[in-house]
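Structure first, then comments.
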Amino acid sequence: MSFTKAPLLLLGSSLLLSTPAWADETGPTKTPSRPKNIVIMIGDGMGPSYTSAYRYYKDNPDTEEVEQTVFDRLLVGMASTYPAGVSGYVTDSAAAATALATGVKSYNGAISVDTQKQPLPTLLEKAKSLGLSTGVAVTSQINHATPAAFLAHNESRKNYDALALSYLETNADVFLGGGQKYFSPELLAQFTAKGYQHISRFEDLATITQPKVLGLFAQVQLPWAIDEKDAKKLSTLTQKALSLLSQNEQGFVLLVEGSLIDWAGHNNDIATAMGEMDEFSNAIEVVEQFVREHPDTLMVITADHNTGGLSIGVNGNYSWNPEILRNISASSDTLALAAISGEQWQADLARGLGFELTEEETTKLNVARMQGLETMAVAIRHVIDKRTDTGWTTGGHTGVDVQVFATGPASELFNGHQDNTDIANKIFSLLPKPKKPKS
Numbered sequence: 056m057s058f059t060k061a062p063l064l065l066l067g068s069s070l071l072l073s074t075p076a077w078a079d080e081t082g083p084t085k086t087p088s089r090p091k092n093i094v095i096m097i098g099d100g101m102g103p104s105y106t107s108a109y110r111y112y113k114d115n116p117d118t119e120e121v122e123q124t125v126f127d128r129l130l131v132g133m134a135s136t137y138p139a140g141v142s143g144y145v146t147d148s149a150a151a152a153t154a155l156a157t158g159v160k161s162y163n164g165a166i167s168v169d170t171q172k173q174p175l176p177t178l179l180e181k182a183k184s185l186g187l188s189t190g191v192a193v194t195s196q197i198n199h200a201t202p203a204a205f206l207a208h209n210e211s212r213k214n215y216d217a218l219a220l221s222y223l224e225t226n227a228d229v230f231l232g233g234g235q236k237y238f239s240p241e242l243l244a245q246f247t248a249k250g251y252q253h254i255s256r257f258e259d260l261a262t263i264t265q266p267k268v269l270g271l272f273a274q275v276q277l278p279w280a281i282d283e284k285d286a287k288k289l290s291t292l293t294q295k296a297l298s299l300l301s302q303n304e305q306g307f308v309l310l311v312e313g314s315l316i317d318w319a320g321h322n323n324d325i326a327t328a329m330g331e332m333d334e335f336s337n338a339i340e341v342v343e344q345f346v347r348e349h350p351d352t353l354m355v356i357t358a359d360h361n362t363g364g365l366s367i368g369v370n371g372n373y374s375w376n377p378e379i380l381r382n383i384s385a386s387s388d389t390l391a392l393a394a395i396s397g398e399q400w401q402a403d404l405a406r407g408l409g410f411e412l413t414e415e416e417t418t419k420l421n422v423a424r425m426q427g428l429e430t431m432a433v434a435i436r437h438v439i440d441k442r443t444d445t446g447w448t449t450g451g452h453t454g455v456d457v458q459v460f461a462t463g464p465a466s467e468l469f470n471g472h473q474d475n476t477d478i479a480n481k482i483f484s485l486l487p488k489p490k491k492p493k494s
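So that you can map any letter, position 252 of the sequence shown is 307 in my numbering, and since no number is skipped, the others follow by simple counting.
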């Protein structure tokens, strides 16, 4: 399916007349079949404006239609994201991940503990206790807020070293992502003693054919996708996790996170954000293909919250220009670093941006360049935003609802509007029932 590139008035009329698939809830309710495998995918910070922007970013300008993305294809509902009342209406990643991992709301900063700082059972813990394999594949450090909330318990997301240490007790089968700096040689030795294969080079993934694996491919987070064209690292990690976890005949639960969508949103870096959206989209398509080949697999996708208050169009301008973004070849961080250190910085920056700088832009950038790396990176983002008519309301999070996407057995459970805790509780209900001991 695609969207016709009609004038705005006509397009608006058609949208008013259209009905989403998840709005039709008539007819008898059927008990959904129970999936053997469950893949939970979280686009960190991926509010609705990100999926809309990504659609236009990927659109083929030579066709009459605006082509659908995987997000359009799999959309089934929406979810609210607010944390426990003590933290107000705007969640952080830790509280949101706690809700998605445990079905219970908690305070901002909590890693699967309640408001009294008591541990809450997580989906991955429950799955492991029932004999399923479990794992995480993320682009942040593996002990960052989202994966940590599915694996561990701590009163603060900032306790990275303690979270890394606690992973020893999870018995998860697959850890793939960044975070090497949080795993000392002594801690790595303890993982090895428990049967984990530790790798730190991406090319070594091919040598891993059996769980358990601790793959740490960066000191902290993985590189920006836009800086490593066609690397598709999250897709590779996801494919490896699926191949390892699916060796368990009883099934598995896997968490996949496009972590750096959020990080790009915090930076208000639209080009880098679209690169991370592309990375996450590619990983979704890997799982979608796995679902086709293994129809007993459920895939549920959502965001933990919205980051940045991204606006498609700004300052009264009825336009957005993603064609400019398609020609940008590096993140603002990388472009700024090259501009700070390079003698021919103007020409180099123009090549990286894919457009010639105006005299006004050059003057502003030159002033920023004299003030250091971060100021230069911000100035580059401002140039891109002005050229593309991209707006942002914050460097933090917003409290808007996020989308829910699903396919596979029992995916209809996620139709319509729900709270983020409902997503977790529905998944809990789909886990196998404990076997009764023989009398």
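Glycine included, C-beta positions come from ideal geometry on N, C-alpha and C.
8 Å Cβ cutoff met for residue i and residue j
{"i": "Met329", "j": "Val342", "result": "no"}
{"i": "Asp403", "j": "Ser148", "result": "no"}
{"i": "Ala465", "j": "Ser184", "result": "no"}
{"i": "Gln235", "j": "Leu271", "result": "yes"}
{"i": "Met96", "j": "Ile482", "result": "no"}
{"i": "Tyr109", "j": "Thr124", "result": "yes"}
{"i": "Leu299", "j": "Val268", "result": "yes"}
{"i": "Leu163", "j": "Pro138", "result": "It should be pointed out that residue 163 corresponds to Asn in this sequence rather than to Leu. Result yes, Cβ atoms of Asn163 and Pro138 sit closer than 8 Å."}
{"i": "Leu129", "j": "Ala461", "result": "yes"}
{"i": "Ala165", "j": "Glu210", "result": "yes"}
{"i": "Leu154", "j": "Ser142", "result": "Before going further, note that residue 154 is Ala rather than Leu in the sequence given. No."}
{"i": "Met431", "j": "Ile395", "result": "yes"}
{"i": "Val94", "j": "Val311", "result": "yes"}
{"i": "Asn370", "j": "Val131", "result": "no"}
{"i": "Met133", "j": "His472", "result": "yes"}
{"i": "Ala47", "j": "Gly407", "result": "Since the first residue of the chain shown is 56 and the last is 494, residue 47 is not available in this structure."}
{"i": "Ile479", "j": "Ala156", "result": "The residue you asked about is not Ile; residue 479 is Ala in the sequence shown. Yes. Within cutoff."}
{"i": "Thr389", "j": "Asp282", "result": "yes"}
{"i": "Asn337", "j": "Lys284", "result": "no"}
{"i": "Phe205", "j": "Ala261", "result": "no"}
Burial state of residue i, where buried means 16 or more other Cβ atoms lie within 10 Å
{"i": "Gly102", "result": "buried"}
{"i": "Met332", "result": "buried"}
{"i": "Val422", "result": "exposed"}
{"i": "Asn475", "result": "buried"}
{"i": "Ala280", "result": "buried"}
{"i": "Leu175", "result": "buried"}
{"i": "Tyr43", "result": "Outside the modelled stretch of the chain, which goes from 56 to 494, sits residue 43, for which no answer is possible."}
{"i": "Lys488", "result": "exposed"}
{"i": "Thr413", "result": "exposed"}
{"i": "Lys213", "result": "exposed"}
{"i": "Asp117", "result": "exposed"}
{"i": "Ser195", "result": "buried"}
{"i": "Leu309", "result": "buried"}
{"i": "Ala248", "result": "exposed"}
{"i": "Pro350", "result": "exposed"}
{"i": "Ala358", "result": "buried"}
{"i": "Lys172", "result": "exposed"}
{"i": "Asp99", "result": "buried"}
{"i": "Gly446", "result": "buried"}
{"i": "Asp456", "result": "buried"}
{"i": "Arg256", "result": "exposed"}
Straight-line gap, residue i to residue j (C-alpha atoms, nearest Å)
{"i": "Thr449", "j": "Lys419", "result": "22 Å"}
{"i": "Val433", "j": "Val193", "result": "26 Å"}
{"i": "Gln305", "j": "Gln265", "result": "16 Å"}
{"i": "Leu486", "j": "Ile254", "result": "31 Å"}
{"i": "Gly250", "j": "Asp228", "result": "10 Å"}
{"i": "Gln458", "j": "Gly364", "result": "15 Å"}
{"i": "Ala219", "j": "Phe238", "result": "7 Å"}
{"i": "Thr362", "j": "Ile325", "result": "12 Å"}
{"i": "Gly233", "j": "Glu241", "result": "18 Å"}
{"i": "Val275", "j": "Gly427", "result": "23 Å"}
{"i": "Phe345", "j": "Thr352", "result": "8 Å"}
{"i": "Asn376", "j": "Thr443", "result": "5 Å"}
{"i": "Asn198", "j": "Gly186", "result": "23 Å"}
{"i": "Asn372", "j": "Ser221", "result": "50 Å"}
{"i": "Tyr215", "j": "Thr225", "result": "16 Å"}
{"i": "Glu378", "j": "Asp440", "result": "13 Å"}
{"i": "Asp127", "j": "Phe335", "result": "14 Å"}
{"i": "Gln401", "j": "Thr417", "result": "7 Å"}
Residues bridged to residue i [DSSP beta-bridge criterion]
{"i": "Pro174", "result": "Val168"}
{"i": "Asp388", "result": "The partner list for Asp388 (beta bridge, DSSP) is empty, contrary to what the question assumes."}
{"i": "Val193", "result": "Glu312"}
{"i": "Ile254", "result": "Gly270"}
{"i": "His472", "result": "Met133"}
{"i": "Phe460", "result": "Leu130, Ile356"}
{"i": "Phe307", "result": "Ser188"}
{"i": "His452", "result": "Thr362"}
{"i": "Val229", "result": "Gly190, Val268"}
{"i": "Gly98", "result": "Gly313"}
{"i": "Asn480", "result": "Answer is none; Asn480 lacks a bridge partner."}
8 Å contact criterion, which residue i and residue j should meet: CB distance rounded
{"i": "Ser301", "j": "Phe307", "result": "7 Å"}
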